[in-house]
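> When we follow this note's numbering, the leftmost residue of the sequence shown carries the number 354, and every step to the right adds one. We put the beta carbon where it would ideally sit given N, CA and C, even for glycine. Quantities reported herein were computed from a predicted structural model and do not represent experimental measurements.
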Amino acid sequence: MGERIKGLSIGLDLDAANLNRSFAEIKRNFKTLNSDLKLTGNNFKYTEKSTHSYKQRIKELDGTITGYKKNVDDLAKQYGKVSQEQGENSAEAQKLRQEYNKQANELNF
């Protein structure tokens, strides 16, 4: 019986490691998307003021926003999974919820 608990514990630890890795990847992706948004904003300010240029910048923004939405959706899925497995008050679930709230708020601006 003791081995079963150890095996279960190891299995949960591996699942938690996979979640952390995914969470880290999503955070890295958000940093990249934020830098893309800043670049596009500067391109709006400092490039030529033509219809073609504006269309290109809007296309860039649309792609960045689409990526942002996907990341927010992935965070929501991870939060749902972790809160169901570990409980809503677990440290991991609270960490994911805080990050989700932060990124969803950024997306809405």
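(1) In the structure shown, what three-state DSSP assignment does S406 receive?
(2) Exposed or buried, which one is L392 when buried takes at least 16 other CB atoms within 10 Å?
(3) Counting C-beta neighbours from all protein chains within 10 Å, is the total for Y407 16 or more, i.e. buried, or is it exposed?
(4) So, are the CB atoms of Y432 and Y453 less than 7 angstroms apart?
(5) Could you tell me the boundaries of the alpha helix (DSSP H) in which E401 lies?
(6) Cβ atoms of R410 and N313: under 7 angstroms apart, would you say?
(7) Within 10 Å of its beta-carbon, does A446 have 16 or more other beta-carbons around it, so buried, or fewer, so exposed?
(8) Can you give me the C-alpha to C-alpha distance between V435 and T400, rounded to a whole angstrom?
Working from what's here:
(1) As a working mapping, residue 406 is identified with position 53 in the sequence shown. Helix, per DSSP.
(2) Counting from one through the sequence shown, the residue named residue 392 turns up at place 39. Around the beta carbon of L392, fewer than 16 other beta carbons lie within 10 angstroms, which makes this residue exposed.
(3) In the sequence shown, residue 407 corresponds to position 54, counting from 1. Answer is exposed; the Cβ neighbour count stays below 16.
(4) Residue 432 sits at position 79 when you count from the first residue of the sequence shown. Residue 453 sits at position 100 when you count from the first residue of the sequence shown. In contact: Y432 and Y453 (Cβ atoms closer than 7 angstroms).
(5) Sequence index remark: in the sequence shown, residue 401 carries index 48 (1-based). No alpha helix (DSSP H) holds E401; DSSP gives it neither H nor E.
(6) Within the shown structure, residues of the chain are numbered from 354 to 462, placing residue 313 beyond reach of any answer.
(7) Taking the first residue of the sequence shown as position 1, residue 446 is located at position 93. A446 is buried by the Cβ-count criterion.
(8) Locating residue 435 in the sequence shown gives position 82, counting from the first residue. Locating residue 400 in the sequence shown gives position 47, counting from the first residue. In a straight line, the C-alpha of V435 is about 45 angstroms away from that of T400.
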